[in-house]
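Number of protein chains: 2
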Amino acid sequence: MSESVKYLLGEEGIPRHWYNIAADLPSPPPAVLHPGTGQPIGPDDLAPLFPMALIGQEVSTEREIEIPEPVREVYRQWRPSPLYRARRLEQKLGTPAKIYYKYEGVSPTGSHKPNTAVPQAFYNKEAGVKRLSTETGAGQWGSSLAMAGQIFGLEVLVYMVKVSFQQKPYRKALMETFGARCVASPSEETAAGRAILEKTPDSLGSLGIAISEAVEVAAQNDDTKYALGSVLNHVLLHQTVIGQEAMVQLDMAGDYPDVIVGCTGGGSNFAGIAFPFIGEKLRGGKDVRIVAVEPAACPSLTRGKYAYDFGDTAKTTPLVKMHTLGSSFVPPGFHAGGLRYHGMAPMVSHLADLELLEARAYKQTECFAAGVEFARAETIVPAPEATHAVKGAIDEALRCKEEGVGRTILFNLCGHGHFDMQAYSDYFAGKLVDASYDESELAMALAGLPSVAA
Amino acid sequence: MSESVKYLLGEEGIPRHWYNIAADLPSPPPAVLHPGTGQPIGPDDLAPLFPMALIGQEVSTEREIEIPEPVREVYRQWRPSPLYRARRLEQKLGTPAKIYYKYEGVSPTGSHKPNTAVPQAFYNKEAGVKRLSTETGAGQWGSSLAMAGQIFGLEVLVYMVKVSFQQKPYRKALMETFGARCVASPSEETAAGRAILEKTPDSLGSLGIAISEAVEVAAQNDDTKYALGSVLNHVLLHQTVIGQEAMVQLDMAGDYPDVIVGCTGGGSNFAGIAFPFIGEKLRGGKDVRIVAVEPAACPSLTRGKYAYDFGDTAKTTPLVKMHTLGSSFVPPGFHAGGLRYHGMAPMVSHLADLELLEARAYKQTECFAAGVEFARAETIVPAPEATHAVKGAIDEALRCKEEGVGRTILFNLCGHGHFDMQAYSDYFAGKLVDASYDESELAMALAGLPSVAA
Numbered sequence: 000m001s002e003s004v005k006y007l008l009g010e011e012g013i014p015r016h017w018y019n020i021a022a023d024l025p026s027p028p029p030a031v032l033h034p035g036t037g038q039p040i041g042p043d044d045l046a047p048l049f050p051m052a053l054i055g056q057e058v059s060t061e062r063e064i065e066i067p068e069p070v071r072e073v074y075r076q077w078r079p080s081p082l083y084r085a086r087r088l089e090q091k092l093g094t095p096a097k098i099y100y101k102y103e104g105v106s107p108t109g110s111h112k113p114n115t116a117v118p119q120a121f122y123n124k125e126a127g128v129k130r131l132s133t134e135t136g137a138g139q140w141g142s143s144l145a146m147a148g149q150i151f152g153l154e155v156l157v158y159m160v161k162v163s164f165q166q167k168p169y170r171k172a173l174m175e176t177f178g179a180r181c182v183a184s185p186s187e188e189t190a191a192g193r194a195i196l197e198k199t200p201d202s203l204g205s206l207g208i209a210i211s212e213a214v215e216v217a218a219q220n221d222d223t224k225y226a227l228g229s230v231l232n233h234v235l236l237h238q239t240v241i242g243q244e245a246m247v248q249l250d251m252a253g254d255y256p257d258v259i260v261g262c263t264g265g266g267s268n269f270a271g272i273a274f275p276f277i278g279e280k281l282r283g284g285k286d287v288r289i290v291a292v293e294p295a296a297c298p299s300l301t302r303g304k305y306a307y308d309f310g311d312t313a314k315t316t317p318l319v320k321m322h323t324l325g326s327s328f329v330p331p332g333f334h335a336g337g338l339r340y341h342g343m344a345p346m347v348s349h350l351a352d353l354e355l356l357e358a359r360a361y362k363q364t365e366c367f368a369a370g371v372e373f374a375r376a377e378t379i380v381p382a383p384e385a386t387h388a389v390k391g392a393i394d395e396a397l398r399c400k401e402e403g404v405g406r407t408i409l410f411n412l413c414g415h416g417h418f419d420m421q422a423y424s425d426y427f428a429g430k431l432v433d434a435s436y437d438e439s440e441l442a443m444a445l446a447g448l449p450s451v452a453a
Numbered sequence: 000m001s002e003s004v005k006y007l008l009g010e011e012g013i014p015r016h017w018y019n020i021a022a023d024l025p026s027p028p029p030a031v032l033h034p035g036t037g038q039p040i041g042p043d044d045l046a047p048l049f050p051m052a053l054i055g056q057e058v059s060t061e062r063e064i065e066i067p068e069p070v071r072e073v074y075r076q077w078r079p080s081p082l083y084r085a086r087r088l089e090q091k092l093g094t095p096a097k098i099y100y101k102y103e104g105v106s107p108t109g110s111h112k113p114n115t116a117v118p119q120a121f122y123n124k125e126a127g128v129k130r131l132s133t134e135t136g137a138g139q140w141g142s143s144l145a146m147a148g149q150i151f152g153l154e155v156l157v158y159m160v161k162v163s164f165q166q167k168p169y170r171k172a173l174m175e176t177f178g179a180r181c182v183a184s185p186s187e188e189t190a191a192g193r194a195i196l197e198k199t200p201d202s203l204g205s206l207g208i209a210i211s212e213a214v215e216v217a218a219q220n221d222d223t224k225y226a227l228g229s230v231l232n233h234v235l236l237h238q239t240v241i242g243q244e245a246m247v248q249l250d251m252a253g254d255y256p257d258v259i260v261g262c263t264g265g266g267s268n269f270a271g272i273a274f275p276f277i278g279e280k281l282r283g284g285k286d287v288r289i290v291a292v293e294p295a296a297c298p299s300l301t302r303g304k305y306a307y308d309f310g311d312t313a314k315t316t317p318l319v320k321m322h323t324l325g326s327s328f329v330p331p332g333f334h335a336g337g338l339r340y341h342g343m344a345p346m347v348s349h350l351a352d353l354e355l356l357e358a359r360a361y362k363q364t365e366c367f368a369a370g371v372e373f374a375r376a377e378t379i380v381p382a383p384e385a386t387h388a389v390k391g392a393i394d395e396a397l398r399c400k401e402e403g404v405g406r407t408i409l410f411n412l413c414g415h416g417h418f419d420m421q422a423y424s425d426y427f428a429g430k431l432v433d434a435s436y437d438e439s440e441l442a443m444a445l446a447g448l449p450s451v452a453a
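Line order of the protein sequences matches chains A and B. Take 0 as the starting number for the first sequence in numbering that gives the first Met the number 0 and just add one per residue. Take 0 as the starting number for the second sequence in numbering that gives the first Met the number 0 and just add one per residue.
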């Protein structure tokens, strides 16, 4: 127990720029298309939804994008986040592997989401926006945007997926504590919501539906813009502070990862930890295996199609090429609400297509088992989303044990489970089931993909 | 926004010893008495309940007690905890005061409790103990001991005050995640519990009752010792890492507090932040005002009597002189469950008697209002207990504004409110009331104090 378990950087360790992987790609990702014309869209098409600074980041190919000082000032409250060596877990597993994890649960809302909520609120405030509308799954994103809006003086309106709204009432209370309004989605407040409720009055909701509602409100109100917590290039970009810090911290430990594991819903925390290392490799640096772990109940990377699709259920967004289960696919309710999205970030999908990462799907009960094992060893209770990364890392470590090889594993523990203890209660009570989707519904959703020349 | 808001120490900033205020007192605290003989007790009287190392700390008058390396190793996961300057709160209040807060919510269980749970588990393990029994109010202590027990390989049995058990089911889930067993108190499992249930079947429980149950189990089982989360000298001692770190961090900021504010239930987080500064003053250092804030519904310092009393309801503990509402006093249910104790730590009571601190009582709704104001400014949601300290600090800052004087205020934000969001929900819904006790019940409890020559 004499070696260090925590690698902490001082404030000067907060990155000064975000890392843009677009600068290092062997080929650019497919264009984003206008759903009406099928032609590539330009910045002006996005202007009703986003301030120009974020649109600029969305399409930028500059390698480094400077982090504004007011954003770094807010980051300073919890960044640099710690990197830990999971020594007690290694001992319990009896693995020769070294397991490191970057812990994003130290943020005020307990996840990685503030990394992008803060700059999004900042740029919107700079552009004179009064209100932000958004969707949220488990509530990690909604509470983070609520917090960021409060800091910069913006109203925040959150459409929260109904199944999570019901399972996680305390995330709503957190959003309200930060002064935001939180509405269960589908709601009666938007045309998109009413259309769903007419067809499916007891709809559990989905991120796709909640996005439709939030986008509709932003499109119809001049003082309101839309904010997304994952999927888009600029969101993934903001999360790269995670991987950049981890790289320096691993260097302090005299290490470099052989394998990086992250959980994927929309793809942002995964991109945050992985992109800086993938960039290093693309620029001729060290090789590293990248493993994306997703829920078996919503497996866009492992079971979806790489095709053009809408980002939302009401089909109001531009068309993006991504691994998708179909925008009409509504995944079953499970506790990792932040991973319940029908598509994968276009940039992550593009990297998968370039074979720069591998994907794996796990069921929720095996992830909770891994989460409890981790909590008992390392004392941090992972969020349900993060248990997927934990499970992936443990499996990698056990493979090392089988093979007798001592690899270095890095994973992103993207958030704590303090707001998700009902799920742990259910797990201990044996009430947690592995919900699965209907194969015919998936087939139908995939058959309904828009026909666009790829 | 250019000056720093966070003062973070490296690992080398974790104190190497705990600070024992007994070394610097102008007069020693009154002796602890045997309830049967009325004579001072010796170490052997405590041996059935505690390992000798902790009994030694309980009665020590050494100024510095070394922190064992395995304890510092665990501390390293979250210590040194950050010290923040509450710049946004200062701006919102328009105060000339500087407000600093030490944030203990960064621990794995979200409060200051692991600071003592870890050494208690360590010393018990060293002494060959197999199981620890304890009580918990809001669950912060129970979950912390569960965590520490898991690290050092001890079973943990927690009696949780029934009203909190019902209000905060997720704290129970957290204890279970760490492998502990959590029982609602009063329970049918102990003679003490059964006696209460016979008289009052719908008893809400109290810390005094839960202590009786936990002590009974430890006294009757050779492999089991008892652990207490507050009140006792050795517990307060372990918490002094808080104030020691804060002193160094304030020095980094070029500051020294004029006022220190802490919330008091049993007194441990308050002692943790205040004792090192009081010691400094007692040794001829700078003067500092010390403000203890307690709940108006359980006001031991402001309404209690300074007298010998039992630590528990079943009257099984030794007699200690403390500010007490009477060991039979059952405070009404309110959300700051960690402050629902009939007595105040003997050492804190002694300091109050020596006029080294002043006390103040607040109602819960005004504390929640302060908590929300703080959360919206500083992005951290305080635990209900901690909102009392927040309210005290805000009042001090507003006094500075009235007087036009720029004092330096330090308070201890002893924990976050992630597990207490139901209370915030209730507050926003206007459902939170200021429960108060019955004056005649308090009078009766005080009349029932044991008659001992003080």
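All residues carry an ideal CB built from backbone N, CA and C; glycine is no exception.
Can you check which of these residues, the options, is closest to residue i by C-alpha distance?
| i | options | result |
| --- | --- | --- |
| A/Ser106 | A/Tyr122, A/Gln76, A/Thr133 and A/Asn123 | A/Gln76 |
| B/Lys314 | B/Leu448, B/Asn114 and B/Phe121 | B/Leu448 |
| B/Pro243 | B/Phe274, B/Leu409 and B/Thr312 | Looking at the sequence itself, residue 243 of chain B is Gln, so the reference to Pro does not match. The option with the nearest alpha carbon to B/Gln243 is B/Phe274. |
| A/Lys167 | A/Ser267, A/Asp433 and A/Phe333 | A/Phe333 |
| B/Val157 | B/Ser142, B/Gly303 and B/Val404 | B/Ser142 |
| B/Ile408 | B/Val216, B/Ile272 and B/Leu355 | B/Ile272 |
| B/Ser450 | B/Glu134, B/Arg71, B/Lys101 and B/Ala306 | B/Ala306 |
| B/Ala137 | B/Asn114, B/Tyr102, B/Val117 and B/Ser229 | B/Ser229 |
| B/Leu318 | B/Lys101, B/Val31, B/Val4 and B/Leu7 | B/Val31 |
| A/Cys399 | A/Asp44, A/Ser435 and A/Asp257 | A/Asp257 |
| A/Ser435 | A/Gln38, A/Lys112 and A/Phe328 | A/Phe328 |
Excluding five sequence neighbours on each side, which residues of the same chain lie with their C-beta closer than 8 Å to the C-beta of residue i?
| i | result |
| --- | --- |
| B/Glu89 | Ala96, Lys97, Ile98 and Ala396 |
| A/Lys161 | Ala183, Ser184, Pro185, Ser202, Leu203 and Gly204 |
What in chain A is Cβ-close to residue i, meaning under 9 Å?
| i | result |
| --- | --- |
| B/Ser424 | Pro168, Tyr169, Lys171, Ala172 and Glu175 |
| B/Gln523 | Residue 523 of chain B lies beyond the stretch modelled for chain B, which goes from 0 to 453, so this question has no answer here. |
Cutting at 7 Å between CB atoms, please list the residues of its own chain near residue i, excluding the five before and the five after it.
| i | result |
| --- | --- |
| B/Phe373 | Leu88, Pro381 and Val389 |
| A/Val214 | Leu48, Tyr225, Asp311, Thr315 and Thr316 |
| A/Cys181 | Gly141, Val157, Met159, Lys171, Met174 and Glu175 |
Closer than 8 Å by beta-carbon distance: list the chain A residues that pair up with residue i, in chain order.
| i | result |
| --- | --- |
| B/Asp371 | Position check: residue 371 of chain B holds Val in this sequence, whereas Asp was assumed. Simply Thr176. |
For a contact meaning CB atoms closer than 8 Å, what does residue i contact in chain B?
| i | result |
| --- | --- |
| A/Val105 | Val105 |
| A/Gly109 | His417 |
Got a sec: does the ligand PLP put a non-hydrogen atom nearer than 7 Å to the Cβ of residue i?
| i | result |
| --- | --- |
| A/Met420 | Among the components modelled here there is no ligand, and therefore nothing to report on the ligand PLP. |
Excluding the 5 residues flanking residue i on each side, which residues of the same chain have their C-beta closer than 6 Å to its C-beta?
| i | result |
| --- | --- |
| A/Met0 | Low per-residue confidence applies at A/Met0: pLDDT is 39, beneath 50, and the placement is therefore not dependable enough to give any value. |
| A/Ser267 | Ser229, Val234, Leu235 and Gln238 |
| A/Leu445 | Lys304 and Gly325 |
Show which residues of chain A have a CB atom less than 7 Å away from the CB atom of residue i.
| i | result |
| --- | --- |
| B/Met461 | In this structure chain B extends from 0 to 453, so residue 461 of chain B is not present and cannot be described. |
Counting only Cβ pairs nearer than 9 Å, list the residues of chain B close to residue i.
| i | result |
| --- | --- |
| A/Phe427 | Ala172, Glu175 and Thr176 |
**Study point:** Positions along the stretch 3-23 of chain B whose CB lies within less than 9 Å of some CB in chain A
**Key:** Ser3, Val4, Lys5, Leu7, Gly9 and Glu10
Check your understanding: Contact between the stretch 308-326 of chain A and the stretch 335-344 of chain A: three or more CB pairs below 8 Å?
Key -> yes
Check your understanding: Touch check for the stretch 291-304 of chain B and the stretch 2-20 of chain B: three-plus C-beta pairs under 8 Å?
Key -> no
Exercise for review: Select from the stretch 374-389 of chain A all residues with a C-beta closer than 9 Å to any C-beta belonging to chain B, and list them in chain order.
Suggested key: Ala374, Arg375, Ala376, Glu377, Thr378, Ile379 and Val380
**Study point:** Under 8 Å (Cβ pairs) to chain B, residues found in the stretch 144-166 of chain A
**Key:** Met146, Gln149 and Ile150
Check your understanding: Can we say the stretch 263-279 of chain B touches the stretch 152-160 of chain B, given the rule of at least three CB pairs closer than 8 Å?
Key -> no
Exercise for review: Could you list the residues in the stretch 336-368 of chain A with a C-beta less than 9 Å from some C-beta on chain B, going in chain order?
Suggested key: none
**Study point:** Against chain B: residues of the stretch 46-79 of chain A by CB proximity under 7 Å
**Key:** Pro69, Glu72, Arg75 and Gln76
Practice item. Using a Cβ-Cβ cut-off of less than 7 Å, give me the residues of the stretch 245-266 of chain B that come near chain A, in sequence order. Key: none
Point to revise | Meets three-Cβ-pair contact criterion under 8 Å: the stretch 342-362 of chain B and the stretch 114-126 of chain A | key: no
Check your understanding: Can at least three beta-carbon pairs, one atom from the stretch 231-241 of chain B and one from the stretch 168-182 of chain B, be found at a separation below 8 Å?
Key -> no
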